[in-house]
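Numbering (this note's numbering), first residue to last: 348 to 552.
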């Protein structure tokens, strides 16, 4: 199972001003890590003073092993250039064989953490995801969708990832496309959501 690591943080002034330049050394610090598939990071659209890392690993074992690799302390030091102390939040999701490249390469990537309300079931969530996938297909400004299931400390949560041309197109679709509106109406009493959009930058590994 592939693992998607989502790490959100409050950004330093340097990162707000120049995300790519602030973390220009990430290629050196992350290249060659066993099991690392891809690495993206970028500011939130809603609040550029916050940032997200979007990291794909080939397995949970690979993620857990990277903290013992020789450059780990250098990576921790580099993280302090971009994130304010004690503001990081790590979440891990099993994404199976989901294709992430198209969504992380979209101009804007939506990340929505989902929890089931007491009235909701996993079957309800599966239906919502099927319907959401169908509703989004005709939307030319949408680049796809996939679902991840939380693991380790994130167990019991889910992650919906979608790619968009802009955040505004997402909001417009959710409020004007009938099939999309029907999905939202069905989901409202069943799910709680915590959503943000980020402009992700790829780190060449």
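Yeah, the Cβ is synthetic: ideal placement off N, Cα and C, and Gly gets one too.
Could you tell me whether the segment 437-455 touches the segment 476-494, using the rule of 3 or more Cβ pairs below 8 Å? yes
Do residue 399 and residue 468 have their C-beta atoms closer together than 8 Å? Counting from 1 along the chain shown, the entry for residue 399 is found at position 52. Counting from 1 along the chain shown, the entry for residue 468 is found at position 121. Contact flag unset, no.
Selected residue, minimal CA-CA separation from residue 417, among 375, 404, 437, 511: Within the chain shown, the letter at position 70 stands for residue 417. With distances taken between Cα atoms, residue 417 lies closest to 375.
Going by DSSP in three states, residue 502 sits in which element: helix, strand or coil? Position 155 of the chain shown holds residue 502. Residue state, collapsed to three classes: coil.
Presumed contact (8 Å Cβ cut-off) between residue 459 and residue 540, rounded CB distance: Along the chain shown, one-based indexing puts residue 459 at 112. Along the chain shown, one-based indexing puts residue 540 at 193. With 8 Å as the limit, residue 459 and residue 540 qualify as a contact, their Cβ atoms being about 5 Å apart.
Identified DSSP bridge partners for residue 357: As a first step, residue 357 is located in the chain shown; it is residue number 10 there, counting from the start. In the DSSP output, where bridge partners are listed per residue, residue 357 has 397.
Report the CB separation of residue 370 from residue 388 in whole angstroms; it is logged as a contact under 8 Å. Along the chain shown, one-based indexing puts residue 370 at 23. Along the chain shown, one-based indexing puts residue 388 at 41. At roughly 6 Å, the Cβ-Cβ gap stays under 8 Å, so residue 370 and residue 388 are in contact.
Which runs of the alpha helix (DSSP H) fall wholly inside the segment 377-461 and span at least 4 residues, in chain order? 407-412, 419-429, 448-451
Mapping DSSP to helix, strand and coil, what is residue 480? Counted from its first residue, the chain shown places residue 480 at position 133. Correct three-state label for residue 480: helix.
Spatial distance of residue 445 from residue 457 (CA atoms): Translated into the one-based positions of the chain shown, residue 445 becomes position 98. Translated into the one-based positions of the chain shown, residue 457 becomes position 110. Approximately 15 Å, taken between the alpha carbons.
Proximal residues to residue 430 (C-beta, below 6 Å), its chain only, five neighbours per side dropped: In the chain shown, the residue the question calls residue 430 occupies position 83. Once the five neighbours on either side are set aside, the close Cβ partners of residue 430 are 356.
Can you tell me whether residue 570 is buried or exposed? The criterion is at least 16 other CB atoms within 10 Å of its CB, across all chains shown. Lying before the first or after the last residue shown, residue 570 is absent from the chain, which here runs from 348 to 552.
C-alpha gap between residue 525 and residue 484, whole angstroms: On the chain shown, residue 525 is found 178 positions in, with the first residue counted as 1. On the chain shown, residue 484 is found 137 positions in, with the first residue counted as 1. Going by the C-alpha atoms only, they are around 13 Å apart.
C-beta atoms of residue 504 and residue 497 nearer than 8 Å: Here residue 504 refers to the residue found at position 157 when the chain shown is read from its first residue. Here residue 497 refers to the residue found at position 150 when the chain shown is read from its first residue. Yes; because the gap between Cβ atoms is below 8 Å, this pair is in contact.
Give me whichever residues DSSP pairs with residue 542 in a beta bridge. Locating residue 542 in the chain shown gives position 195, where the first residue counts as 1. In DSSP, residue 542 forms a bridge with 459.
Inter-residue spacing [alpha-carbon to alpha-carbon] between residue 551 and residue 413: For the purposes of this step, residue 551 is taken as residue 204 along the chain shown, with counting starting at 1. For the purposes of this step, residue 413 is taken as residue 66 along the chain shown, with counting starting at 1. One C-alpha to the other measures close to 18 Å.
Residue 461 versus residue 385 - alpha carbon distance: By 1-based counting over the chain shown, the position of residue 461 is 114. By 1-based counting over the chain shown, the position of residue 385 is 38. Distance between the alpha carbons of residue 461 and residue 385 is about 23 Å.
Specify, as a first and last residue, the run of the beta strand (DSSP E) that residue 585 falls within. This structure cannot speak to residue 585, because the chain is shown only from 348 to 552.
Can you find the residues in the same chain that come closer than 6 Å, C-beta to C-beta, to residue 542, ignoring five residues on each side of it along the sequence? One-based indexing of the chain shown puts residue 542 at position 195. Only 459 meet the Cβ criterion.
In whole angstroms, what is the alpha-carbon distance linking residue 535 and residue 482? The residue given as residue 535 occupies position 188 in the chain shown. The residue given as residue 482 occupies position 135 in the chain shown. Distance between the alpha carbons of residue 535 and residue 482 is about 16 Å.
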